[in-house]
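So the structure is just underneath, and the comments pick up after that.
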Amino acid sequence: MSFSEQVILVTGAASGIGAATSKAFIDHGGLVIALDVNEPGLREISAHCGDRLTAVRCDLGTEVSIEKALAKIKARFDRVDVLVNNAGAGRFVGMEFTPADFDQHFHINLRGPMLLIKHSLELLRASRSANVVNIASVAARLEWGNHFLYSCAKAGVEKYTKHLVRDLPWLRANCILPGVIDTAIIDRLATAQEKAGLFQLMEEQVPCGRVGSPDDVAQAILFLASSNASYINGASLVVDGGLSHANTWLGL
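Letter by letter, the sequence shown follows residues 5 to 256 of this note's numbering.
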């Protein structure tokens, strides 16, 4: 796969899947625009990737921040060839959720990607082969206790991807549904003991025998964004090591 001199916009790029994806695109010749609200993380990935990465602070929870970020991008780039909507947020919330809980999940996971694409249309249209890869989750199709806000928001991401194909025929759009991936999100949701137990469960009972890595998802993103996938449009690619088909899901 080659992304020589292609312009790739990646959200949530300061860590985890976003950082792995940004580095992988650069390794394959791309020019990456890294969006994240985490400024220390952006500085770190900028130092690692050098001048082939442009870091832009952006809070996907607010449209004003998205507009400001796009203004900075348009001042430097005349197009975006690939847009990767990776940024996300989630935590365990029960049925006694608050409006703030709802807004946190839906503003970052669903509204943010929608608004980013809305404000990026001019840059995407300028590309000869524009495509979008949205990151949803296997939680969009499966039920995890006290996780319904995240699940519903990610289900919206998958559905929105299909609407992009219908409403913007000049744009290729696909969706990836990761399973359990070893990122900082797990560290925030679980204690060290709980994390160790989860990883052991994955190793013992999930078909691929391990927890996924950010690189596993990054390689799937690169494939869908590449010319090798030029006739794949509106698809949802599950990257979960077989978790969706294991009998362990309800016990997680």
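Quick reminder that beta carbons are idealized off the backbone N, C-alpha and C, glycines included.
Nearest-angstrom Cα distance between residue 16 and residue 229?
-> By 1-based counting over the sequence shown, the position of residue 16 is 12. By 1-based counting over the sequence shown, the position of residue 229 is 225. Note on geometry: alpha-carbon atoms of residue 16 and residue 229 lie some 17 Å from one another.
For residue 162, I'd like the list of residues in its chain whose CB is within less than 6 Å of its CB, leaving aside the five on either flank, ordered along the chain.
-> Position 158 of the sequence shown, counted from the start, is the residue given in the question as residue 162. Excluding sequence neighbours, residue 162 sits near 140, 144, 179, 240.
Using the Cα positions of residue 182 and residue 223, report the straight-line distance between them to the nearest angstrom.
-> In the sequence shown, residue 182 corresponds to position 178, counting from 1. In the sequence shown, residue 223 corresponds to position 219, counting from 1. Rounded to the nearest angstrom, the two C-alpha atoms are 12 Å apart.
Sequence-distant residues of its chain with Cβ nearer than 8 Å to residue 232 (five each side left out) | Taking the first residue of the sequence shown as 1, we reach residue 232 at position 228. Correct list, in chain order: 5.
Near residue 165, which residues of its chain fall below 6 Å by C-beta distance, leaving aside the five closest residues on each side in sequence?
-> Within the sequence shown, residue 165 is the residue found at index 161, counting from 1. So the qualifying residues of the chain are 138, 177, 179.
Between residue 77 and residue 49, is the Cβ-Cβ spacing less than 9 Å?
-> Numbered from its first residue, the sequence shown carries residue 77 at position 73. Numbered from its first residue, the sequence shown carries residue 49 at position 45. In this structure, residue 77 lies away from residue 49, with their beta-carbon atoms at least 9 Å apart.
Is residue 38 helix, strand or coil when you go by DSSP?
-> In the sequence shown, counting from the first residue as 1, residue 38 sits at position 34. DSSP places residue 38 in strand when its eight states are reduced to three.
Residue range of the unbroken alpha helix (DSSP H) whose run includes residue 69 | Position 65 of the sequence shown, counted from the start, is the residue given in the question as residue 69. Counted as a single uninterrupted DSSP element, the alpha helix (DSSP H) harbouring residue 69 occupies residues 67 to 80.
Taking 8 Å as the cut-off, does the CB of residue 119 come closer than this to any heavy atom belonging to the ligand FMN?
-> This structure does not include the ligand FMN; it has no bound ligands of any sort.
Every unbroken beta strand (DSSP E) inside the region 82 to 161 [3 residues or more] | 86 to 89, 135 to 139
Taking C-alpha atoms, which residue in 216, 119, 62 lies nearest to residue 187?
-> As a first step, residue 187 is located in the sequence shown; it is residue number 183 there, counting from the start. For the residues 216, 119, 62, the minimum Cα distance to residue 187 belongs to 216.
Cutoff 6 Å; reference residue 94; Cβ partners in own chain excluding five residues on either side = Position 90 of the sequence shown holds residue 94. Cβ neighbours of residue 94 beyond the five flanking positions: 154.
Rounded to a whole number of angstroms, what is the C-alpha to C-alpha distance between residue 259 and residue 221?
-> Nothing about residue 259 can be read from this structure; the chain reaches only from 5 to 256.
What is the C-beta distance between residue 56 and residue 41, in whole angstroms, given that I count them as a contact (C-beta under 8 Å)?
-> Here residue 56 refers to the residue found at position 52 when the sequence shown is read from its first residue. Here residue 41 refers to the residue found at position 37 when the sequence shown is read from its first residue. Not a contact, Cβ separation roughly 22 Å.
Distance, Cα to Cα, residue 127 vs residue 82?
-> As a first step, residue 127 must be located in the sequence shown, where it is residue number 123. As a first step, residue 82 must be located in the sequence shown, where it is residue number 78. Here the alpha carbons of residue 82 and residue 127 stand approximately 6 Å from one another.
Check whether the Cβ atoms of residue 30 and residue 53 lie closer than 9 Å to each other.
-> For the purposes of this step, residue 30 is taken as the residue at position 26 of the sequence shown. For the purposes of this step, residue 53 is taken as the residue at position 49 of the sequence shown. Cβ distance < 9 Å, so residue 30 and residue 53 count as in contact.
If you check the beta carbons only, do residue 11 and residue 84 fall under 9 Å apart?
-> What you label residue 11 is simply residue 7 of the sequence shown in a count that begins at 1. What you label residue 84 is simply residue 80 of the sequence shown in a count that begins at 1. Result yes, Cβ atoms of residue 11 and residue 84 sit closer than 9 Å.
By the 10 Å Cβ neighbour count, where 16 or more other Cβ atoms means buried, how is residue 125 classified, buried or exposed?
-> Within the sequence shown, residue 125 is the residue found at index 121, counting from 1. It counts as exposed.
Identity of the residues DSSP links to residue 61 by a beta bridge | Looking up residue 61 in the sequence shown gives position 57. DSSP output for residue 61 lists 40 as bridge partner(s).
Hey, how far is the Cα of residue 172 from the Cα of residue 113?
-> On the sequence shown, residue 172 is found 168 positions in, with the first residue counted as 1. On the sequence shown, residue 113 is found 109 positions in, with the first residue counted as 1. If you take the alpha carbons of residue 172 and residue 113, they lie about 21 Å apart.
Return yes when the Cβ of residue 209 is within less than 9 Å of the Cβ of residue 250, no when it is not.
-> For this step, residue 250 is matched to residue 246 along the sequence shown. For this step, residue 209 is matched to residue 205 along the sequence shown. Yes.
Nearest to residue 146 by CA position, among 75, 25, 246, 7, is which residue?
-> Along the sequence shown, one-based indexing puts residue 146 at 142. It is 246.
How about residue 161: is its C-beta nearer than 9 Å to some C-beta of chain B?
-> In the structure shown, chain B cannot be found, because there is only a single protein chain.
Where do the N-terminal and C-terminal ends of the alpha helix (DSSP H) with residue 185 fall, by residue?
-> Position 181 of the sequence shown holds residue 185. From DSSP, residue 185 is part of no alpha helix (DSSP H); its letter is neither H nor E.
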